[in-house]
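Below is one structure, written out as structure tokens, with a few remarks after it.
Residue numbers (this note's numbering): 91 to 294.
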């Protein structure tokens with residue numbers, strides 16, 4: 091039986107995973123999570139993510155954090171979710187760090203701490219991730235810190251982030267943090283709507 095993601099034999103992958111190969115464990119967990127080459131089974135996916143996570147595999151820890159957060163294959167546990175995100179983040183896993191930022195923002199599994207959340211979002215944004223640039227900008231915007239929001243909105247807009255374009259358009263229409271420019275605002279809204287429509291069509 092073939093795994094459609096990696097194009098290797100599932101039995102071979104299982105043998106490697108059982109021998110303790112952390113990457114094989116992650117690949118097998120992913121196959122069970124997505125139902126690629128095997129029947130979809132979130133419980134088995136979690137079991138293999140757990141094994142790889144115990145060996146310090148950052149992407150496994152990140153995926154385990156997601157499973158605990160969403161209650162997929164395991165009972166929902168926000169503390170375990172945050173702990174796994176933190177372990178992966180400590181190894182430089184940016185998606186995990188970003189997810190950890192939201193845990194601090196909302197107080198999910200950790201003590202709510204806006205300062206830590208903002209520091210995390212800025213670190214991920216500085217690494218050039220558009221979704222973090224937008225979210226950091228949105229937090230500044232919500233605090234009415236428009237001068238701080240605009241540069242991050244511009245960065246995310248340059249990476250074609252639709253929500254950033256929409257929020258930047260709103261700022262341009264109101265002249266908050268940036269010179270009033272109704273024409274550019276309209277252009278941004280049109281482009282953002284086009285990107286969203288393209289994304290929607292691609293999922294159909």
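A virtual CB, placed ideally from N, CA and C, is assigned to each residue, including glycine. In this text, all values refer to a predicted model and were calculated from it rather than measured experimentally.
Residue i: CB within 8 Å of a non-hydrogen atom of the ligand SAH
{"i": "residue 192", "result": "In the structure on display, the ligand SAH does not appear, and there are no ligands present to speak of."}
Nonlocal neighbours in the same chain, by C-beta distance under 7 Å from residue i, ignoring five residues either side
{"i": "residue 222", "result": "188, 211, 214 and 215"}
{"i": "residue 131", "result": "122"}
{"i": "residue 177", "result": "151"}
{"i": "residue 170", "result": "158"}
{"i": "residue 107", "result": "114, 115, 118 and 138"}
{"i": "residue 190", "result": "172, 175, 176, 179 and 210"}
{"i": "residue 181", "result": "148"}
Close-in-space but distant-in-sequence residues of the same chain around residue i (CB under 6 Å, 5 per side omitted)
{"i": "residue 154", "result": "139, 143 and 174"}
{"i": "residue 292", "result": "none"}
{"i": "residue 141", "result": "115"}
{"i": "residue 105", "result": "none"}
{"i": "residue 32", "result": "Since the first residue shown for the chain is 91 and the last is 294, residue 32 is missing from the structure and cannot be characterised."}
{"i": "residue 120", "result": "none"}
Pairwise C-alpha distance: residue j and residue i
{"i": "residue 149", "j": "residue 288", "result": "29 Å"}
{"i": "residue 160", "j": "residue 270", "result": "42 Å"}
{"i": "residue 192", "j": "residue 206", "result": "10 Å"}
{"i": "residue 233", "j": "residue 127", "result": "48 Å"}
{"i": "residue 147", "j": "residue 110", "result": "12 Å"}
{"i": "residue 257", "j": "residue 247", "result": "10 Å"}
{"i": "residue 263", "j": "residue 239", "result": "15 Å"}
{"i": "residue 285", "j": "residue 252", "result": "7 Å"}
{"i": "residue 201", "j": "residue 281", "result": "39 Å"}
{"i": "residue 198", "j": "residue 268", "result": "34 Å"}
{"i": "residue 235", "j": "residue 274", "result": "21 Å"}
{"i": "residue 227", "j": "residue 134", "result": "39 Å"}
{"i": "residue 231", "j": "residue 145", "result": "41 Å"}
{"i": "residue 283", "j": "residue 259", "result": "12 Å"}
{"i": "residue 261", "j": "residue 278", "result": "11 Å"}
{"i": "residue 185", "j": "residue 102", "result": "29 Å"}
DSSP-derived helix/strand/coil call for residue i
{"i": "residue 270", "result": "coil"}
{"i": "residue 117", "result": "helix"}
{"i": "residue 201", "result": "coil"}
{"i": "residue 181", "result": "coil"}
{"i": "residue 215", "result": "helix"}
{"i": "residue 139", "result": "helix"}
{"i": "residue 153", "result": "helix"}
{"i": "residue 253", "result": "helix"}
{"i": "residue 131", "result": "coil"}
{"i": "residue 167", "result": "coil"}
{"i": "residue 233", "result": "coil"}
{"i": "residue 264", "result": "helix"}
{"i": "residue 145", "result": "coil"}
{"i": "residue 124", "result": "helix"}
Proximal residues to residue i (C-beta, below 8 Å), its chain only, five neighbours per side dropped
{"i": "residue 224", "result": "242, 243, 246, 251, 253, 254 and 257"}
Residue-level contact to chain B via CB, residue i, 9 Å cutoff
{"i": "residue 197", "result": "Of the protein chains in the structure, only one exists, and it is not chain B."}
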